[in-house]
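Chemist:
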Amino acid sequence: MPRLTNEERNQAVGMLRANTPVANVARTFNVTRDTIYRLMNRLQKSGSVQDGPRTGRPRATTPALDQYIRVLHLRDRFRPATKTAREWKGRRLCADALDLSRSPWNSYVQHLQTLLWNNIPQLPIQRLVQSMRQSCTEVANA
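For the sequence shown, position 49 matches number 49 in the UniProt record's numbering, and the numbering has no gaps at all.
(1) Can you name the start and end residues of the alpha helix (DSSP H) that Gly14 belongs to?
(2) On a CA-only basis, which of Asn30, Pro63, Ala60 and Arg17 is nearest Gln44? Give me that one, please.
(3) Hey, would you say Val13 sits closer than 8 Å to Val49, going by beta carbons?
(4) Would you mind reading off the limits of the alpha helix (DSSP H) that contains Val49?
(5) What is the DSSP secondary structure of Phe29, counted as helix, strand or coil?
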């Protein structure tokens with residue numbers, strides 16, 4: 001079942017206040033009647049239909065570090081996740097891991113570029129630069 005958005009919750013409350021049967025409201029939003037009853041109870045207890053805070057384990061990584069790990073694995077498709085996990089074991093995978101808390105934004109971007117650049121095989125890049133120089137020289141001499 002899909003989770004109701006705030007707008008849908010407000011619409012459901014409006015329908016209930018207009019004396020629409022609970023079953024019809026539930027069918028309209030493709031949810032169970034229990035969902036609508038819980039929505040009514042939440043409205044009566046808290047006076048709001050806003051979604052409450054969720055429990056759960058806090059994130060261990062920042063979105064930037066998630067992106068770095070994703071790129072790392074895209075660049076080395078055969079790299080096992082266990083290797084990455086072993087390398088990061090015991091370290092906090094948030095700002096401390098990349099020293100983001102002590103560096104301004106520009107340093108952070110440069111740091112990520114360095115990390116990503118070091119994972120790119122350099123030989124193909126050197127060959128590309130060399131072929132581009134050769135092409136430019138040929139065009140200039142023509």
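Just so you know, even glycine gets a beta-carbon here, dropped at the ideal spot from N, CA and C. Note that the structure is a prediction, hence the values are computed from the model and not measured.
Modeler: A quick look at the data gives this:
(1) Asn6 to Arg17
(2) Arg17
(3) yes
(4) Where Val49 is concerned, there is no enclosing alpha helix (DSSP H), given that its DSSP letter is neither H nor E.
(5) helix
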